[in-house]
Every structure is written in structure tokens, then in C-alpha cells.
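**Q** Numbering (the working numbering), first residue to last: 156 to 394. The C-beta atom is built at its ideal place from N, Cα and C for all residues, glycine as well. All of these numbers come straight from a predicted model, not from anything done at the bench. Input: one structure, supplied below.
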Amino acid sequence: MLPLVLYDIVSDLSGNNFSPNPAKPRFILSYKDIPFVTLWVEYSDIPIAMKAIGAKPNKRRDGSDVYTVPVLSDPNTGALITDSFEIASYLEKTYPEKPIFPNNSESLICAFDSAYMSLILPGIKPMFLRTLEILRPASAKFFTGARSGDVPLPWDPNCDAEWELLEKGYNTAYEWYQKTDGKWIMGDTFSYADIIVACWLLAFKRVLKEDDKWASISSWNGGKWAKVLADVEKECKLA
Numbered sequence: 156m157l158p159l160v161l162y163d164i165v166s167d168l169s170g171n172n173f174s175p176n177p178a179k180p181r182f183i184l185s186y187k188d189i190p191f192v193t194l195w196v197e198y199s200d201i202p203i204a205m206k207a208i209g210a211k212p213n214k215r216r217d218g219s220d221v222y223t224v225p226v227l228s229d230p231n232t233g234a235l236i237t238d239s240f241e242i243a244s245y246l247e248k249t250y251p252e253k254p255i256f257p258n259n260s261e262s263l264i265c266a267f268d269s270a271y272m273s274l275i276l277p278g279i280k281p282m283f284l285r286t287l288e289i290l291r292p293a294s295a296k297f298f299t300g301a302r303s304g305d306v307p308l309p310w311d312p313n314c315d316a317e318w319e320l321l322e323k324g325y326n327t328a329y330e331w332y333q334k335t336d337g338k339w340i341m342g343d344t345f346s347y348a349d350i351i352v353a354c355w356l357l358a359f360k361r362v363l364k365e366d367d368k369w370a371s372i373s374s375w376n377g378g379k380w381a382k383v384l385a386d387v388e389k390e391c392k393l394a
């Protein structure tokens, strides 16, 4: 079996990875024991690089095209897939061992993905500000333009209100976990929903660690989020 190729974003952090969406296929590939390699792309070079390999663009809210990562290339089938959820769906169908959408749960987990993002996005500005510091200047400028649709400019460095919104969002997510009988969203059954949660937690840990803000997040809800991340990393053999 030839290794699959995952396109991710380069940064100044040790190990490069910081973005939650490319982390999702990395977790799946590791969980399913599928060999892969990572090709690192400058944020500002994403449109050029993805056009060059023939990747399909995603759509912005206004309907215009936007090139993004992750993109996954599978030399075993010739497939080239854009978007983290589409990649998850492809990997599940093509490599069904160790399912991530158990009991035909793909549509439900898609809804979960949207619901979870609605909790995170209102408090995302602190992470965006810190991300500018770990990208090279051209990529930081490109990132600002790309993400200003999610958080309108200017990005005030005072983030007290956003921190309150983020904690409120995780309080709601904690209530979701309290309704299950096991440590996963689906009780005792591991799924892509847990990977979604963990990859955002990993992004916060990677991007905010130097500011010591990860210590705050990991202490919320009795240390729940540090444990969730550790459990998913262990399950996916990334600990």
C-alpha cells in the first residue's frame, strides 16, 4: 500500500502543525493505521499549491471559490479530496476497518460538527491573534484576510469578552458529555465526533501554550478538556 499524502499548513511551531482541520485527517489516518506522509504548505501559498495539484476549491458563504487545506491525495485510488469532513467520509468508505462513523452516524456527526463550531467560533479571536505570531509575514497577512469573514476586523487585542464566550461554549459541550454513559460522545463508542473535539483542543494547546491560556482551558469543567484530548490522542496512537 502506498502512503497517502496529507497537505497541511507550515508554522514556526516545533513540528509545524497547529491548524485543527488538517489535524482531523491526521488523527483518522493514525487511528485506522493507514500510512501517510505530510506535505507542508505556506498559508499564503495555499491557492497556488492546491490549484497546481488539481484540488477542488471549497465555497465561501457568498458562493465564491476558496482553496483550503486539508487536502488528501490517495495514490492507491487516484482520489484527491478537499475538506476535512469529506476526507473523513472518503476514508471511512475506502478503508472501513476501525470505523469512525459507527452505526451509520455520519449525518448525525455532521450535525454535531456544526453545533460544536457554533460554540467555539464566538470565542475564537484569541487564537486568531496568536496564530498571526506563528506564521511568516506573508502568511499572517493572508490569514487575516481569509479569517476576517469569521471574525470581522479590526482584531482588538483585548479578548476578555471572547474568553468568557469560549468558556461558556465549553460549559455547553461539557453538558453534552454529561449525557453519555462513557467517556466518548457516543458513550463507550469512539467516533469522529471525539476527533473533532480533540483537534480543536489540540489547536488551542499548540497555539496558546506560550500565553499560558491552555492552562485555563484545560482546567475548565474539572479538567475535562485536557482529559478528552489525552484520551483521543491515546486512542489514535498519537500520545
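1) If you check the beta carbons only, do A204 and L235 fall under 8 Å apart?
2) To the nearest angstrom, how far is it from the Cα of V226 to the Cα of I164?
3) If I measure Cβ to Cβ from W375 and keep anything under 7 Å in the same chain, skipping five residues before and after, which residues do I get?
4) With 16 other CB atoms within 10 Å as the buried threshold, where does V192 fall?
5) Going by beta carbon distance, what residues of the same chain come within less than 8 Å of F173, once the five residues before and after it are set aside?
6) Between V352 and A243, what straight-line distance do the alpha-carbon atoms span, to the nearest angstrom?
7) Which same chain residues end up closer than 7 Å to E252 when comparing Cβ atoms and leaving out the 5 residues on each side of it in sequence?
8) From I372 to D315, what does the alpha carbon distance come to, in whole angstroms?
9) What residues in its chain sit with their C-beta under 8 Å from that of G337, if we drop five residues either side in the sequence?
10) Does N176 pass the burial test, meaning 16 or more other C-beta atoms within 10 Å, or should it be called exposed?
11) Tell me whether the beta-carbon of R216 lies closer than 8 Å to the beta-carbon of G300.
12) Of the residues L168, I183, Y162, M156, which one's Cα is nearest the Cα of A348?
13) Which residues in the same chain have their Cβ closer than 7 Å to the Cβ of L276, if we skip the five residues on either side of it in sequence?
14) Less than 8 Å between the CB atoms is what I'm expecting for V387 and I340, so what's the real figure, rounded?
15) So, using beta-carbon positions, are S199 and S294 closer together than 8 Å?
16) For K280, count neighbouring Cβ atoms within 10 angstroms of its own Cβ and tell me buried if that reaches 16, exposed if not.
17) Are the beta-carbon atoms of N231 and L157 separated by less than 8 Å?
**A** With the structure as the only source:
1) no
2) 11 Å
3) E322, Y325
4) exposed
5) I164, S166, T286, I289, A358, R361, V362
6) 14 Å
7) K187
8) 14 Å
9) D343, T344
10) buried
11) no
12) I183
13) D305
14) In fact, because the Cβ distance is near 11 Å, the residues do not count as touching under 8 Å.
15) yes
16) buried
17) yes
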